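Since the structure comes first, as structure tokens, the remarks are kept for the end.
This is the structure in structure tokens:
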């Protein structure tokens, strides 16, 4: 058994059974090992950013890591932006990055790069295997590191000689350490009470069960519930406890958070602005707010919520559950409002909604609160191009669920190659492209930074309309059936048709 | 004048007049400055890897740096693979990377990343501006660093508060230091003589004038001339001194280099294999070869060649100039041979050929030796996805020349977004896609690493035929006219039509 074979077997023994990849020469022994060792689904991606984003989505839905297989430093580099997003979402990912053989590294070959240096900014754990005998144990360690709560990025660098040399052995990842228990339960319970108090939730506090516990506490104490703007995974819809998000626009966030003098954080961070703006504060909560972090994202959030229910005497309080709200089919031109209505009318039971709809989509979340129960995923790292890859990972992790990907046109073009993998794997993903033909968010940001009257050169640098992008043609070019709509009734029909069919489809919405 | 304005003015004062960009919020003041300060052409790219690859191509043809404008760590990360290629090609590039304001960095906002850490592996020079007063001088320093021979990557990190604060001043880059003179002229002259000796050329030794000098030396001494496999820029075709490249396939390279006992390097590195293979050597020259580096890529290669002409008494020797070879228009199925014939028949005078044709294209270079005089560009860093972006930069740098981009289908999909920028800017680029529907090079590499009979899972991971990619549809979706051919006569017609028209076009060749 060579090193590559021991690695594949160790990954499988550690529970990793899915690999998102674009391999190269230095990874050929790993590919060869996958060929004859059953148990690992390999998903080919045409660009590494698709592979890393897919691994992020896989973790969020499967709650266990997939691995990526990346070609040397540049292959890793192409995956870094979506690893950044995965890291900020607390997703666990195991990256396997090929490296030149030891004898070759001294020669500074064309593809030589500082792989460890590129890994560190987006990894919690980085290791280069030293010999074939180490590779299996290293792989198991990587899975263990990636699985550490709340989820981490582990990057294992695999020199090709350690892959091809005999002497490998199989190892399994150690059991995950228990999540630390929250300690300040009584203090938190004492803080919550009345409309000036807020329980701010994030991470795994946003499961349906945990939200129900939070709903009991809110019902009992009168505290408000909010989540962060960007949530890795949030369960919502009819029958669940609804939770609003801290708004993205700076002024709205300030206004939303202004009432709260006492805030308890549970898996969430204290709210700050996405960016700094000249002369404006970066901290979004009141200056005099008392903020307690009861548990961080890696803590035992379920245990903390259960204890907080007891401490607040909320065990018998009934949480406010969302009623199913049947929305009439919209008509008229497709715009932020009517698209939101179309979504509310069509989101199927148990759907997974990947939201990268940026400006157009700000109305989608509130409008779909009473839709059928579903899962909503945000970009936690702010690097665009995460949505299409994430949808791949969600669909691979949950083959029995429908995935709706809501994507801005500018974001879609970052990782448009994702469509091919959706077609190849026959994934049940319905992609909605919000084609406003501009980086609309940046038009607002120009104003935010103080540019009141942008001239033609600035506007041109934020415009996508010269030439117009034809997403129907691009999708068809990658084997995904596609249609274009500019009317809300036609959009509703198109979403329903797409959800009825098997496999991926794309709807370009002119807004 | 705020910091951003001082930076734009300092870049222009330092000779930088082209910016390839995908900006974000933290770069909005730079965008605003571009809006009202004339003199900087801004080229919008839909992905940062397009911007950095374009800057690489721009340097190679313009011999001066362009700047990129990138959004924070993830924006830089998306550009790293093509910065890797640019670094290996010795291209000069100035990266301007936005960063959060100082007050915001402590908050670990969603887009926070270790930008300096990501920059170092692909940059020779990295600096973060400390205040608005520094930004102009920092920008001038960056241009100076990028322009240092033979060409370097300079990354300037621009916190948004240094961009928006008043107090900027304008600076110009210092004059470039002279290239160091070669010293071992007599020793090199003494080594060259007879068929066992080789003058191996790289970098700026491959200009038409320098190759003519090398041709004199070869005529006088009987030494062989070769270039490296991957050349940033090589002048060739009718009327020029022809030079062959060290082959990429390992065994062919060994065979090609076997005769040479004495080798003089001029702007080239001693030949090594791209990858290590089990049980095979990595150094491609004979064990007993005597190798002298007369000048590195940053040295005064023209001066060294002139001195070597004198020292070998070759001043009056006539170099062997390539005759124009008129190739009949090919017919029959499009394959490596007939595509090469079509290229030889159609490459227009003074064309720029960007070669990322990988396996299909290995016959293209020798077959086009007698074509009209043209410039040939290779990928020096081995990270695929360089060709389409490079073509953008070449076309922007040389608006009066035709650009032919020869791209493998797998490579094209890495940075397919490039097509939109070609359409938007009306660039005279003819893209030929070699659609063999596989990562064909990896099929060979599987064998090279010892996998003799790959099974269906391994083959599937290297195949692009499920579903087939339709490059015509994708090109049209990005505003580029396109056609598909599978016959060599039709291909020849299509190339001629594309070269006659203004603006970009794409030809998908089924091979």
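Protein chains in written order, with my numbering: chain A, 1 to 511; chain B, 512 to 1022.
Heads up, the beta-carbon is just placed ideally off N, CA and C, and yes, glycines get one too.
Being a predicted model, the structure only gives us computed values, none of them experimental.
{"Item": "Closest by CA to residue 273/A, which one among 314/A, 229/A, 462/A and 260/A?", "Value": "229/A"}
{"Item": "Between the Cα of residue 681/B and the Cα atoms of 656/B, 647/B and 655/B, which residue gives the shortest distance?", "Value": "647/B"}
{"Item": "According to a CB-to-CB cut-off of less than 8 Å, which residues of the region 532 to 563 of chain B neighbour chain A?", "Value": "532, 534, 535, 536, 537, 539, 540, 542, 543, 545, 546, 547, 553, 555, 557, 558 and 560"}
{"Item": "Using a 10 Å radius around the Cβ and a threshold of 16 neighbouring Cβ atoms, would you call residue 166/A buried or exposed?", "Value": "exposed"}
{"Item": "Any residues in the region 859 to 888 of chain B with a beta carbon nearer than 9 Å to a beta carbon of chain A? Which ones, in chain order?", "Value": "none"}
{"Item": "For a contact defined as C-beta to C-beta under 9 Å, what are the partners of residue 830/B on chain A?", "Value": "Under the 9 Å cutoff, chain A gives no residues; its nearest Cβ is about 30 Å from residue 830/B."}
{"Item": "Determine whether the beta carbon atoms of residue 793/B and residue 162/A lie at a separation below 8 Å.", "Value": "no"}
{"Item": "Locate the alpha helix (DSSP H) running through residue 82/A, then write down its first and last residues.", "Value": "72 to 88"}
{"Item": "If you run the structure through DSSP and keep just helix, strand and coil, what is residue 127/A?", "Value": "strand"}
{"Item": "Could you please give me the residues that DSSP links to residue 552/B through a beta bridge?", "Value": "529/B"}
{"Item": "Among the residues of its own chain, which have a CB less than 8 Å from the CB of residue 642/B, if the five just before and after it don't count?", "Value": "514, 673, 676 and 678"}
{"Item": "For a quick check, are the C-beta atoms of residue 92/A and residue 146/A less than 8 Å apart?", "Value": "yes"}
{"Item": "Over what stretch of residues does the alpha helix (DSSP H) that includes residue 967/B continue unbroken?", "Value": "967 to 972"}
{"Item": "Count the CB pairs spanning the region 982 to 992 of chain B and the region 51 to 71 of chain A that are closer than 8 Å, and state whether there are at least three.", "Value": "no"}
{"Item": "What's the call for residue 537/A, buried or exposed, on a 16-neighbour Cβ count within 10 Å?", "Value": "Residue 537/A cannot be examined here, being either before or after the span of chain A that is shown, 1 to 511."}
{"Item": "Check the Cβ-Cβ distances between residue 1003/B and every residue of chain A, and say whether any is below 8 Å.", "Value": "no"}
{"Item": "Taking Cβ positions only, does residue 380/A come closer than 8 Å to chain B?", "Value": "yes"}
{"Item": "Below 7 Å between beta carbons is the criterion; list the residues of the region 618 to 640 of chain B that meet it against any residue of chain A, in chain order.", "Value": "618, 620, 621, 622, 624, 625, 628, 629, 631 and 632"}
{"Item": "Which chain B residues sit within Cβ distance under 7 Å of residue 457/A?", "Value": "545, 546 and 553"}
{"Item": "Roughly how many angstroms lie between the CA atoms of residue 686/B and residue 932/B, to the nearest whole one?", "Value": "33 Å"}
{"Item": "Return no unless some Cβ of chain B is closer than 8 Å to the Cβ of residue 90/A.", "Value": "no"}
{"Item": "Pull out every residue of the region 289 to 316 of chain A whose Cβ sits closer than 9 Å to any Cβ of chain B, in chain order.", "Value": "none"}
{"Item": "Below 8 Å between beta carbons: does that hold for residue 351/A and residue 388/A?", "Value": "no"}
{"Item": "Quick one: Cα of residue 728/B to Cα of residue 122/A, how far?", "Value": "52 Å"}
{"Item": "Would you tell me roughly how many angstroms separate the C-alpha atoms of residue 907/B and residue 737/B, rounded to the nearest one?", "Value": "30 Å"}
{"Item": "Assign residue 702/B to one of three DSSP states: helix, strand, or coil.", "Value": "helix"}
{"Item": "Is there contact between the region 524 to 537 of chain B and the region 436 to 446 of chain A, where contact requires at least three CB pairs shorter than 8 Å?", "Value": "yes"}
{"Item": "For residue 119/A, report the span of its alpha helix (DSSP H) as first-last.", "Value": "115 to 119"}
{"Item": "Between the Cα of residue 857/B and those of 844/B, 842/B, 837/B and 874/B, spot the shortest distance and give me the residue it belongs to.", "Value": "837/B"}
{"Item": "Return the CA-CA distance between residue 374/A and residue 659/B, expressed in angstroms with no decimal places.", "Value": "57 Å"}
{"Item": "Tell me which residues share the same chain as residue 12/A and place their Cβ nearer than 8 Å to its Cβ, disregarding the 5 neighbours each side in the sequence.", "Value": "37, 39 and 40"}
{"Item": "From the DSSP output, read off the bridge partner residues of residue 665/B.", "Value": "605/B and 636/B"}
{"Item": "Beta-carbon of residue 755/B versus every beta-carbon of chain A: anything under 8 Å?", "Value": "no"}
{"Item": "If I'm right that residue 600/B touches residue 892/B with Cβ under 8 Å, what's the distance once you round it to whole angstroms?", "Value": "7 Å"}
{"Item": "According to the Cβ coordinates, are residue 211/A and residue 263/A closer than 8 Å?", "Value": "no"}
{"Item": "Smallest Cα separation from residue 865/B: which of 903/B, 833/B and 882/B?", "Value": "903/B"}
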